[in-house]
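A.B. asks: All residue numbers for the sequence shown refer to our numbering, where the first residue is 695 and numbers rise by one.
Think of the CB as a built atom: it goes at the ideal place given N, C-alpha and C, for glycine as much as any other residue.
Here you go, one structure.
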Amino acid sequence: MRTEVVSEPGRPDRANEDFAAVGLPVCGQGGAVVVLDGVTPPATETGCLHSVPWFTARLGGALTELTVSRPDLTLREMLARTIGGTAEEHADTCDLSHPRTPQATVVLARWSALSLDYLVLSDSALLLESPGGLVTPVLDDRLDRLPRAARATEALVDSTLRNKEGGFFTAAADPSVAERAVTGSVPLEEVRALAALTDGATRWVEKFHEGDWAQCFGLLRKEGAGALVDRVRELERADREERRYLGRSKTHDDATAVFVRL
Numbered sequence: 695m696r697t698e699v700v701s702e703p704g705r706p707d708r709a710n711e712d713f714a715a716v717g718l719p720v721c722g723q724g725g726a727v728v729v730l731d732g733v734t735p736p737a738t739e740t741g742c743l744h745s746v747p748w749f750t751a752r753l754g755g756a757l758t759e760l761t762v763s764r765p766d767l768t769l770r771e772m773l774a775r776t777i778g779g780t781a782e783e784h785a786d787t788c789d790l791s792h793p794r795t796p797q798a799t800v801v802l803a804r805w806s807a808l809s810l811d812y813l814v815l816s817d818s819a820l821l822l823e824s825p826g827g828l829v830t831p832v833l834d835d836r837l838d839r840l841p842r843a844a845r846a847t848e849a850l851v852d853s854t855l856r857n858k859e860g861g862f863f864t865a866a867a868d869p870s871v872a873e874r875a876v877t878g879s880v881p882l883e884e885v886r887a888l889a890a891l892t893d894g895a896t897r898w899v900e901k902f903h904e905g906d907w908a909q910c911f912g913l914l915r916k917e918g919a920g921a922l923v924d925r926v927r928e929l930e931r932a933d934r935e936e937r938r939y940l941g942r943s944k945t946h947d948d949a950t951a952v953f954v955r956l
């Protein structure tokens with residue numbers, strides 16, 4: 695197995711809110727990938743004393759530990775446990791009911807000698823490549839399916855859509871959102887490589903339309919995760935005024951790409 699992890703902040707003067715880890719069990723069989731994209735908070739009150747990087751480090755660290763130490767737990771059970779445990783760490787000091795309490799998107803992949811399990815919550819992406827080269831994207835596209843008018847302002851999103859029925863879900867303080875995640879399992883023999891990408895990296899496909907998911911995977915395989923992030927940065931700089939490509943709330947976003955050859 696070979697792995698590559700690249701994570702770059704959107705701005706040099708701001709901490710990276712993403713989290714990425716690759717874990718290998720002590721037994722040497724199988725492995726796991728954990729990728730979180732911390733949701734950038736608004737400039738207004740969030741009800742929490744802690745930063746998004748504080749949250750993603752704790753949630754991501756706990757998920758990494760469980761993915762390699764508790765094969766008896768499902769990925770949904772792991773996510774629920776870690777959301778609950780992270781919430782307990784600041785429940786006494788922070789208002790966890792606030793819609794902008796620290797939160798993140800989640801991609802998990804865990805494989806054994808026989809199968810690969812996956813979980814995706816919100817708008818990060820997991821790509822699975824078959825031995826024959828077919829690339830299958832695993833996406834939670836609920837946010838993309840919402841009408842643009844419903845997402846007109848952050849206040850409207852927070853009050854009507856964020857972690858609400860009929861909207862979209864992130865890992866925040868409510869363990870029950872784990873049941874909302876997209877999950878599945880495939881025989882390991884049907885996967886020769888995988889990639890986990892935050893939406894700062896998926897811009898190459900979803901915002902700039904430079905290619906489809908298969909072409910994105912081909913770029914990762916041929917040139918590496920760093921090349922994908924570099925290409926996104928070039929496109930962002932060329933479109934700094936954000937006039938040609940709609941749907942970008944900021945010029946540069948934290949971008950994380952993990953590539954694994956099994």
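If contact is defined by three or more beta carbon pairs under 8 Å, each pair taking one atom from either stretch, is the stretch 855 to 866 in contact with the stretch 802 to 809?
C.D. replies: no
A.B. asks: Does residue 932 come out as helix, strand or coil in the three-state DSSP assignment?
C.D. replies: helix
A.B. asks: I'd like the ranges of any beta strand (DSSP E) spanning at least 3 consecutive residues and lying wholly in the stretch 811 to 884.
C.D. replies: 819 to 823, 829 to 833, 876 to 881
A.B. asks: Might you give, ordered along the chain, the residues of its own chain that have their beta carbon closer than 8 Å to the beta carbon of residue 778, omitting 5 neighbours on each side?
C.D. replies: 869
A.B. asks: Measure the Cβ-Cβ separation of residue 773 and residue 875 and say whether it is below 8 Å.
C.D. replies: yes
A.B. asks: When DSSP builds the beta bridges, which residues end up paired with residue 805?
C.D. replies: As a beta-bridge residue in DSSP terms, residue 805 pairs with 725, 810.
A.B. asks: Among 808, 932, 736, which has the Cα closest to the Cα of residue 882?
C.D. replies: The shortest C-alpha separation from residue 882 is found at 808.
A.B. asks: Closer than 6 Å by C-beta to residue 742: which residues in its own chain qualify, once you throw out the five before and the five after it? Chain order, please.
C.D. replies: Hits under 6 Å: 788, 795, 796.
A.B. asks: I need the DSSP call for residue 763, collapsed to helix, strand or coil.
C.D. replies: helix
A.B. asks: Which residue marks the beginning of the alpha helix (DSSP H) containing residue 950, and which one marks its end?
C.D. replies: No alpha helix (DSSP H) holds residue 950; the beta strand (DSSP E) holding it covers 949 to 955.
A.B. asks: Please report how far the alpha carbon of residue 790 lies from the alpha carbon of residue 826, in whole angstroms.
C.D. replies: Taking C-alpha positions only, residue 790 is separated from residue 826 by approximately 46 Å.
A.B. asks: Helix, strand or coil for residue 786 per DSSP?
C.D. replies: Assignment of residue 786 by DSSP, reduced to helix, strand and coil, places it in the coil class.
A.B. asks: So, are the CB atoms of residue 892 and residue 707 less than 8 Å apart?
C.D. replies: no
A.B. asks: With distance defined between alpha-carbon atoms, name the residue in 931, 856, 781 nearest to residue 815.
C.D. replies: 856
A.B. asks: Report back the beta-carbon spacing between residue 755 and residue 746 to the nearest angstrom; my notes put them in contact at under 8 Å.
C.D. replies: With 8 Å as the limit, residue 755 and residue 746 do not qualify as a contact, their Cβ atoms being about 14 Å apart.
A.B. asks: Tell me the rounded alpha-carbon separation between residue 880 and residue 784.
C.D. replies: Distance between the alpha carbons of residue 880 and residue 784 is about 37 Å.
A.B. asks: Quickly, what does DSSP pair residue 753 with across the bridge? List them, please.
C.D. replies: BP columns for residue 753 are empty, so no partner.
A.B. asks: Confirm, please, whether the CB-CB distance from residue 877 to residue 770 is below 8 Å.
C.D. replies: yes
A.B. asks: In its own chain, which residues sit with a C-beta less than 6 Å from the C-beta of residue 709, not counting the 5 before and 5 after it?
C.D. replies: Scanning its chain for C-beta atoms nearer than 6 Å, with the 5 sequence neighbours on each side dropped, one finds around residue 709 the residues 747, in chain order.
A.B. asks: Could you pull out every residue in the same chain whose Cβ sits closer than 6 Å to the Cβ of residue 718, ignoring the five residues on either side in sequence?
C.D. replies: 725
A.B. asks: What number of angstroms, rounded off, separates the C-alpha of residue 954 from the C-alpha of residue 928?
C.D. replies: 24 Å
A.B. asks: Going by the beta-carbon positions, is the gap between residue 952 and residue 762 smaller than 8 Å?
C.D. replies: no
A.B. asks: According to DSSP, simplified to helix, strand and coil, what is residue 713?
C.D. replies: strand
A.B. asks: Which of the three DSSP states is assigned to residue 924 in this structure?
C.D. replies: helix
A.B. asks: The beta strand (DSSP E) that contains residue 890, what's its start and end?
C.D. replies: 887 to 891
A.B. asks: According to DSSP, what are the bridge partners of residue 701?
C.D. replies: 950
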